[in-house]
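To start, the structure itself, in structure tokens.
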Amino acid sequence: MTTSDGGPVTRVRTVLVASGVGDTIRTFPAGVPTAAAAAGALGCDVAAITNSLVFNLGGAPLLILASGAARVDTALVADRLGEGRIRRAAPDFVLEHTGQGVGGVAPVGHPRRIRTLLDASLRSQDLLWAGAGDHYSMFSITYQDLHRITGAEEMPVR
Numbered sequence: 013m014t015t016s017d018g019g020p021v022t023r024v025r026t027v028l029v030a031s032g033v034g035d036t037i038r039t040f041p042a043g044v045p046t047a048a049a050a051a052g053a054l055g056c057d058v059a060a061i062t063n064s065l066v067f068n069l070g071g072a073p074l075l076i077l078a079s080g081a082a083r084v085d086t087a088l089v090a091d092r093l094g095e096g097r098i099r100r101a102a103p104d105f106v107l108e109h110t111g112q113g114v115g116g117v118a119p120v121g122h123p124r125r126i127r128t129l130l131d132a133s134l135r136s137q138d139l140l141w142a143g144a145g146d147h148y149s150m151f152s153i154t155y156q157d158l159h160r161i162t163g164a165e166e167m168p169v170r
């Protein structure tokens, strides 16, 4: 498992700094692999946790950035996109396309650009927290900056 001293977290940090967000990464010794664990460690509402969920859309990755307080309605998203069925990606598919393991996927820092959707409900949060590339690290960011640095398409996903 990669920790914050290199690998995926370093790539995430590089993107954050280069985009003007700054290094807002925090690392937790006990790990924060779920939205509930992250919210507990950060002392924030689970709705402020941004889950980075990878789906398989016709063999291509689709990254959905969704509130930790919500479940993505894949049928709704598939209908809105009009491009076929969306399936939860297998762990090896996630690792191949993001360079990060399930439970620690960040919205940025992937080997190649991934088509990304941003849950419009996250806009209601003053500050968001997202995984930083492993199970131990999170970073803070505003909705506006997350939208800007990911180039995501805003969409209701539930």
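The sequence shown begins at 13 in the numbering used here and counts up one residue at a time.
In this text, a Cβ means the ideal position worked out from N, Cα and C, and glycines have one as well.
Note that this is a predicted model, so its numbers are computed, not measured.
Hey, quick one: how far does the alpha helix (DSSP H) through I161 stretch, first residue to last? 155-162
Check for me: the beta strand (DSSP E) holding A78 runs from which residue to which? 72-79
Bridge partners for G113 per DSSP, in chain order? Paired residue(s): none; G113 is not in a bridge.
With 16 as the cutoff for other CB atoms within 10 Å, does L134 come out buried or exposed? buried
Which residue comes first and which comes last in the beta strand (DSSP E) that contains D131? 127-131
Between the alpha carbons of P103 and G145, how many angstroms are there, rounded? 14 Å
Using 10 angstroms around the beta-carbon of D131, count the other beta-carbons present and answer buried if the total reaches 16, otherwise exposed. buried
What residue range does the alpha helix (DSSP H) around R25 cover? 20-30
Given this structure, state the Cα-to-Cα distance separating T39 from R127, to the nearest angstrom. 27 Å
Helix, strand or coil for T39, going by three-state DSSP, please let me know. strand
Can you give me the start and stop residues for the beta strand (DSSP E) that T62 sits inside? 61-69
Which of helix, strand or coil does DSSP assign to E165? strand
In angstroms, rounded to a whole number, what distance separates the CA positions of G111 and H122? 6 Å
Cα-Cα separation, L140 to G113: 21 Å
Would you be able to state if there are at least three C-beta pairs under 8 Å between the region 55-66 and the region 23-37? no
If I follow the unbroken beta strand (DSSP E) through R100, where does it start and stop? 98-100
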